[in-house]
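To keep things clear, I will list the structure first and then write my remarks on it.
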Amino acid sequence: GGEVLGRGHNRRVQDGSVTLHGEMDALENAGRQNGAVYRDCVLYTTLSPCAMCTGAILLYGIPRVVVGENLTFMGEEALLRSRGVDVQVLQDPECVRMMRDFIREKPGLWNEDIGT
Numbered sequence: 298g299g300e301v302l303g304r305g306h307n308r309r310v311q312d313g314s315v316t317l318h319g320e321m322d323a324l325e326n327a328g329r330q331n332g333a334v335y336r337d338c339v340l341y342t343t344l345s346p347c348a349m350c351t352g353a354i355l356l357y358g359i360p361r362v363v364v365g366e367n368l369t370f371m372g373e374e375a376l377l378r379s380r381g382v383d384v385q386v387l388q389d390p391e392c393v394r395m396m397r398d399f400i401r402e403k404p405g406l407w408n409e410d411i412g413t
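FYI, the numbering used here numbers position 7 of the sequence shown as 304, with every residue one higher than the one before it.
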């Protein structure tokens, strides 16, 4: 195991942000890094990355993404793979349950979060 550079959570509501998904928050919390650091990282995320977060993954050259689940939302995994990113999907039952509960309990926030 390596060093954790940054952890993140979806903080759009808490911070009044339109862009602060968990992946973006983790990158922000990692601080400014040399590009070589990102090219040696693995990004772990509960949910399949959206187009915005996929763009950041590609921009910084992060080579591997581990996704908790993609049953509730299929993000841009195909784009990541087409650009050489190793994407592993775990289909973790706890991640699936957590996301299904959130979508059921807060459909308005969910739709806003994914841009619909």
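For glycine and all other residues, C-beta sits at the position ideal for the given N, C-alpha and C.
Because the structure is a prediction, the values reported are computed rather than measured.
Cβ-Cβ distance between residue i and residue j below 7 Å
i	j	result
glutamate 320	threonine 342	yes
valine 339	glutamate 366	no
arginine 378	valine 386	no
leucine 324	alanine 348	no
arginine 336	glycine 358	yes
threonine 351	leucine 368	no
phenylalanine 370	leucine 406	no
leucine 356	arginine 380	no
valine 362	valine 382	yes
aspartate 322	glycine 305	yes
Under the three-state DSSP convention, the category residue i falls into
i	result
leucine 340	strand
glutamate 402	helix
leucine 356	helix
asparagine 435	One cannot answer for residue 435 here, as it falls past the ends of the chain, which runs 298 to 413.
arginine 397	helix
valine 310	helix
leucine 324	helix
threonine 316	coil
Cβ distance (whole Å) where residue i is taken to contact residue j below 8 Å
i	j	result
histidine 318	asparagine 307	5 Å
The ligand ZN heavy atom lying under 6 Å from the CB of residue i
i	result
glutamine 330	In terms of ligand content, the structure shown is empty, and the ligand ZN therefore cannot be addressed.
Identify every run of the alpha helix (DSSP H) within the segment 361 to 394, keeping only runs that are complete inside it and at least 4 residues long; order them along the chain. Taking only runs of at least 4 residues, the alpha helix (DSSP H) segments lying wholly in the segment 361 to 394 are 374 to 379.
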